[in-house]
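A short write-up of the structure that comes next.
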Amino acid sequence: MDVVVENLTKSFGYQKAVDSVSFEVKKGEILGFLGPNGAGKNYGNIRIGKYSIHKNPYKIKQIIGYLPEHNPLYEEMNVIDFLDFIARVHNIPKYKIIPKVMDMIRMCGLDNEKHKTIRELSKGYRQRVGLAQALIHDPEVLLLDEPTTGLDPNQIVEIRELIKNIGREKTVIMSSHILAEIEATCDRVLIINKGKIVADGTSAELRNKSDKGKLLKICIQGGEDEDIYNELASIPELENIISSTPHRFEIQCERATEIEKKIFDICCQNNWYISEMTPVETRLEDIFRQVTKN
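Numbered by my numbering, the letters in the sequence shown go through residues 36 to 329 in order.
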């Protein structure tokens, strides 16, 4: 189901964390949500498919799966018993519970851990159990809050792939302060600052809109660094030489500029040669700083 947010306002006291925000998330899309935390009064409307949070609040809760940042697991229970308990809480029919529990164990890669108590599990496997409990009632929409916090690099890759697989069939909204993880996992990124949406698009779209322009990392050999620097600085389209170390320069220019040919011509005229010329992608972290700096 699609998720539609209309004029949503969220405030505590006089502080508005979200101010008349509207956006839509399609089924099969993973949205990375970057913005402030907070809780308080709610205004506006959220629709999931044909259901409104005002008119159908209980139905909305039934079709949402939620993995909070601090996973509330019962540590003394083993994995199978915990998932059985969660299935009963969701009123899943008795005859469906065992097949559904085993389904989640298989999907979330918990087969070798299913008889262990939750306190015996690593952080990565606890997150898998958290995902299993969020999915066991087959929700249309999955909300993930910091799903990779505290995981080692291998666990992060495993959870990321699991989220991507889930996202093929469901609507996923994911929040994280690890911007590289949002970029690696999500189809689309939405950034909020001071309660307003300040950026919305794919990583590629946000890069194209970025004021940082095009970045190139180049290494030029055969000349003095000062001479090379001065020649590069004389190119009209070049906006900035961000850094320079012996023979190596990182330059910034307008995105539409074909500056590479001019650099090549300068090198030919001075009998220098280029040993490296690599485009540098603007990081999501840089874009986040840029759109939230004020």
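Glycine residues also receive a C-beta, built at the ideal position from the N, C-alpha and C atoms.
Small disclaimer: the values here were computed from a predicted structure and weren't measured.
{"Check": "Sufficient close CB pairs (3 or more, under 8 Å) joining the region 294-302 to the region 317-329", "Outcome": "no"}
{"Check": "CB of Leu43 within 8 Å of CB of Val53, strictly", "Outcome": "yes"}
{"Check": "Alpha-carbon spacing of Ile127 relative to His172, whole angstroms", "Outcome": "7 Å"}
{"Check": "Near the ligand ADP: Gly257 beta-carbon under 7 Å from a heavy atom", "Outcome": "The ligand ADP is absent from the structure shown, which contains no ligands of any kind."}
{"Check": "Cutoff 6 Å; reference Leu179; Cβ partners in own chain excluding five residues on either side", "Outcome": "Leu102, Met209"}
{"Check": "Three-state secondary structure (DSSP) of Tyr308", "Outcome": "strand"}
{"Check": "Met142 - DSSP class collapsed to helix/strand/coil", "Outcome": "helix"}
{"Check": "Residue interval of the alpha helix (DSSP H) (run including Ser210)", "Outcome": "First-last for Ser210: 206-210, but that is the beta strand (DSSP E), not the alpha helix (DSSP H)."}
{"Check": "Neighbourhood of Leu273 by C-beta, 7 Å cutoff - its chain only, sequence neighbours within 5 removed", "Outcome": "Leu267, Ile286, Cys288, Ile294"}
{"Check": "Segment contact flag, the region 193-209 with the region 219-233, C-beta cutoff 8 Å, min 3 pairs", "Outcome": "yes"}
{"Check": "Span separating the alpha-carbon of Lys129 from that of Glu104", "Outcome": "30 Å"}
{"Check": "Identified DSSP bridge partners for Asn91", "Outcome": "Bridge partners of Asn91: none, in fact."}
{"Check": "Between the CA atoms of Ile194 and Pro188 - distance to the nearest angstrom", "Outcome": "10 Å"}
{"Check": "Sufficient close CB pairs (3 or more, under 8 Å) joining the region 194-203 to the region 224-232", "Outcome": "no"}
{"Check": "Within 8 Å, strictly: CB atoms of Met139 and Gly84", "Outcome": "no"}
{"Check": "Closest residue to Ile133 among Leu118, Asn305, Asp235, Gly144 (Cα-Cα distance)", "Outcome": "Leu118"}
{"Check": "Thr317 to Tyr264 span [Cα, whole Å]", "Outcome": "23 Å"}
{"Check": "Cβ pair Glu175, Lys205 closer than 8 Å", "Outcome": "yes"}
{"Check": "Buried or exposed by the 16-neighbour rule on C-beta atoms within 10 Å, applied to Ala234", "Outcome": "buried"}
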